[in-house]
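Take the sequence shown: its letters are residues 1 to 433, numbered as in our numbering.
Even glycine gets a Cβ: it sits at the ideal position worked out from N, Cα and C.
Report on the following structure.
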Amino acid sequence: MSSVNATIQLITRAEAESAPASAGTCSTELAAGPWEYDAAEAAAGAPAYGPGASSEDVAPAATPRQAQIPAEYKQASDEELHERIVAAKRTLGDRAVILGHFYQRDEVIQHADFVGDSFQLANAALTRPDAEAIVFCGVHFMAETADILSTDEQAVILPNLAAGCSMADMADIDSVQECWEQLEEIYGTEPDAEGRVPVIPVTYMNSSAALKAFCGEHGGIVCTSSNAATVLEWAFERGQRVLFFPDQHLGRNTAKAMGVPLENMPLWNPRKDLGGNSEQTLEDARVILWQGFCSVHKRFTVAQIEQARIDHPGVTVIVHPECPMEVVDAADSAGSTDHIRKAVAAAAEPTTFAIGTEINMVNRLAAEYPQHTIFCLDPVICPCSTMYRIHPAYLAWVLEELVEGRVVNRIVVDQDVQVGARVALDRMLAARP
Ligand code: SF4
């Protein structure tokens, strides 16, 4: 498996070989370690996302920061950290379960009890009700979901509090509430003759617990990238329109595939009155798309697909639906991380795959299926900045603290928020195609 150092070397090589424009948002400074950025951001009083795909996104002031961890962890070698994590895990036994997201770095993934997407991992934790601690090696909204679904006695731990998600941060509860009030002024609140309310809020799993609770309290629902079409059908049965947040691309790609015309999918800019739309545009809307995006998936382009087809005739291009619409249209197929994994696994003959998703997952697929040629569409290897905040040093620290009987970096969702979010999550689980 490739290490983070190997990935950094790939970044360096690709930056040297490719056009500067496409290299612009990535940085080899990642090698310095996440604590350099945690300290700098705390000192500056302004959080950011650090090097990687989200480095140019603006983090809200309320984004959690990570306090400095003891120097012994920052100074430890890769081998020492590995041994300390193994030893702490052995001591803790069934008392702790470690979850690793597909996009997480390999040095962390090798210690995970379960590897999957955010919802698969939250459900995996349910199979370990006796574990006192759920150590979530992913990002903040994932740990929140695990806390909502786990028992009150279980502590969900995020090894680095600065591991947020720049996309989730693009829709905050205050802006969504303000949007909702403006929409209510236009649409009113009365259902039509068929009993459908004016608008149903739908939030992607990649959102704060507060937004999931908002959906639960306003007749709405949560979706994942696997079930977005089923969830939109559910919403259209109950509402005349959908307000979809935070990822415009997943919303647009899904609704377009269902036959919703692009002119009926206005974009909502939270910094503008009526989201930057006219009343008529909003009246005609079928899906109102929040102006959010994933900076990892935004990097994929049609030009990259065209180049892959020239360089590798017969290549199969699979991309994630968080990619822009033109990229999804130019690919052979689009789908969730689970869809991508299954498509690769299902190929009976040696096949060449160009994959449009986060580099760690692509590298892992390439290692798992050596009979295939598998590469990332983006020639600049650009990792998710926030996933990379979970360095093994942080994992060693939280595990050794647990061994000493101390719970650090616990993620706790307020009880009233949990109740609303559960409603929206339960609706999703009950929705059927
Ligand atoms: S890959 Fe994109 S959506 Fe996923 S955690 Fe990173 S920034 Fe958020």
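Can residue i and residue j be called in contact, C-beta distance under 8 Å?
{"i": "Cys382", "j": "Ala53", "result": "yes"}
{"i": "Thr373", "j": "Thr352", "result": "yes"}
{"i": "Cys294", "j": "Asp329", "result": "no"}
{"i": "Val222", "j": "Leu425", "result": "yes"}
{"i": "Ala354", "j": "Val315", "result": "yes"}
{"i": "Leu250", "j": "Ser225", "result": "yes"}
{"i": "Ala465", "j": "Arg241", "result": "Only positions 1 to 433 of the chain appear in the structure, and residue 465 is not among them; the question remains open."}
{"i": "Thr203", "j": "Phe141", "result": "no"}
{"i": "Pro64", "j": "Gly164", "result": "yes"}
{"i": "Arg406", "j": "Ile157", "result": "no"}
{"i": "Asp378", "j": "Arg299", "result": "yes"}
{"i": "Leu435", "j": "Ala133", "result": "Because the chain in this structure spans residues 1 to 433, residue 435 falls outside the shown range and cannot be described."}
{"i": "Met205", "j": "Ser118", "result": "yes"}
{"i": "Val319", "j": "Ala303", "result": "no"}
{"i": "Val413", "j": "Glu144", "result": "yes"}
{"i": "Leu243", "j": "Val199", "result": "yes"}
{"i": "Ala39", "j": "Gln68", "result": "yes"}
{"i": "Val344", "j": "Leu365", "result": "yes"}
{"i": "Tyr49", "j": "Ser175", "result": "no"}
Straight-line CA distance for residue i to residue j?
{"i": "Leu282", "j": "Pro201", "result": "15 Å"}
{"i": "Lys342", "j": "Val287", "result": "29 Å"}
{"i": "Lys89", "j": "Leu395", "result": "10 Å"}
{"i": "His297", "j": "Glu322", "result": "6 Å"}
{"i": "Glu194", "j": "Ala162", "result": "46 Å"}
{"i": "Met387", "j": "Gln104", "result": "6 Å"}
{"i": "Tyr37", "j": "Pro266", "result": "37 Å"}
{"i": "Ala257", "j": "Trp35", "result": "43 Å"}
{"i": "Cys215", "j": "Ala331", "result": "32 Å"}
{"i": "Phe236", "j": "Pro70", "result": "52 Å"}
{"i": "Leu81", "j": "Ala87", "result": "10 Å"}
{"i": "Pro191", "j": "Ser336", "result": "34 Å"}
{"i": "Phe114", "j": "Val362", "result": "18 Å"}
{"i": "Leu429", "j": "Val231", "result": "10 Å"}
{"i": "Trp234", "j": "Tyr73", "result": "48 Å"}
{"i": "Arg271", "j": "Ser207", "result": "19 Å"}
{"i": "Asn264", "j": "Ala61", "result": "34 Å"}
{"i": "Ala131", "j": "Ala122", "result": "13 Å"}
{"i": "Ala23", "j": "Glu185", "result": "Its pLDDT being 42, under 50, Ala23 is placed unreliably in this model, and the value from its coordinates should be taken loosely. Looking at the two C-alpha atoms, the distance is approximately 44 Å."}
{"i": "Arg309", "j": "Glu349", "result": "19 Å"}
{"i": "Ala21", "j": "Arg196", "result": "Residue confidence for Ala21 is low, a pLDDT of 37 falling below 50, so the modelled location carries little weight and cannot support an answer."}
{"i": "Glu400", "j": "Glu217", "result": "40 Å"}
{"i": "Gly275", "j": "Glu404", "result": "50 Å"}
{"i": "Gln154", "j": "Ala228", "result": "30 Å"}
{"i": "Ile305", "j": "Thr91", "result": "48 Å"}
{"i": "Val327", "j": "Ile359", "result": "17 Å"}
{"i": "Trp397", "j": "Leu183", "result": "47 Å"}
{"i": "Trp180", "j": "Arg432", "result": "27 Å"}
{"i": "His391", "j": "Ala76", "result": "12 Å"}
{"i": "Asp273", "j": "Gln177", "result": "13 Å"}
{"i": "Asp338", "j": "Asp78", "result": "30 Å"}
Determine the closest residue to residue i out of the options, with distance taken between C-alpha atoms.
{"i": "Pro487", "options": "Glu36, Cys137, Ala146", "result": "Beyond the ends of the chain as shown, which are 1 and 433, falls residue 487; an answer cannot be given."}
{"i": "Phe136", "options": "Ala421, Gly420, Val408", "result": "Val408"}
{"i": "Leu126", "options": "Thr203, Ala96, His140, Gln104", "result": "Ala96"}
{"i": "Ile109", "options": "Thr91, Asp94, Ile85, Phe119", "result": "Ile85"}
{"i": "Glu56", "options": "Pro47, Val413, Ala122", "result": "Pro47"}
{"i": "Gln418", "options": "Asn206, Phe300, Ala210", "result": "Ala210"}
{"i": "His111", "options": "Gly100, Ser118, Asp117", "result": "Gly100"}
{"i": "Ile292", "options": "Ala255, Asn269, Thr301, Val412", "result": "Reading off the sequence, residue 292 comes out as Gly, not Ile. The residue with the shortest Cα to Cα distance from Gly292 is Asn269."}
{"i": "Ala393", "options": "Glu153, Pro159, Glu144", "result": "Pro159"}
{"i": "Gly188", "options": "Glu279, Glu107, Gln154, Gly116", "result": "Glu279"}
{"i": "Arg427", "options": "Ile148, Gly219, Gln307", "result": "Gly219"}
{"i": "Ala421", "options": "Ile148, Tyr49, Gly33, Phe102", "result": "Ile148"}
{"i": "Ala59", "options": "Asp172, Ile98, Asp78, Ala39", "result": "Asp172"}
{"i": "Ala213", "options": "Glu181, Asn360, Gln415", "result": "Gln415"}
{"i": "Phe102", "options": "Val317, Cys384, Ala431", "result": "Cys384"}
{"i": "Asn253", "options": "Asp273, Pro324, Ala431, Ala44", "result": "Pro324"}
{"i": "Thr301", "options": "Val317, Arg364, Gln75", "result": "Val317"}
{"i": "Gln66", "options": "Ala42, Ala255, Gln75", "result": "Ala42"}
Answer yes or no: does any C-beta atom of chain E fall closer than 8 Å to that of residue i?
{"i": "Cys384", "result": "Checking the listed chains, one finds no chain E in this structure; it contains a single protein chain."}
Problem set entry | Residues passing the C-beta test against the ligand SF4 heavy atoms, cut-off 7 Å | Taking each Cβ in turn, the ones that pass are Ala53, Ser54, Tyr103, Val139, Cys165, Ser166, Met167, Ala168, Asn206, Cys294, Ser295, Val296, His297, Glu322, Glu358, Cys384, Thr386, Met387.
For this session: Pick out the complete beta strand (DSSP E) segments inside the stretch 337 to 399, 3 residues or longer, and give them in chain order.
Result: Qualifying beta strand (DSSP E) stretches, in chain order: 352 to 356, 373 to 376.
Problem set entry | Any alpha helix (DSSP H) of 4 or more consecutive residues that is wholly inside the stretch 55 to 95 | Under the rule that a run must span 4 or more residues, the alpha helix (DSSP H) segments found entirely inside the stretch 55 to 95 read 71 to 75, 78 to 92.
Exercise. What are the start and end residues of each continuous beta strand (DSSP E) run of 3 or more residues lying completely inside the stretch 215 to 302, in chain order?
Worked result: For the stretch 215 to 302, whole beta strand (DSSP E) runs of length 3 or above, ordered along the chain, are 221 to 223, 242 to 245, 287 to 290.
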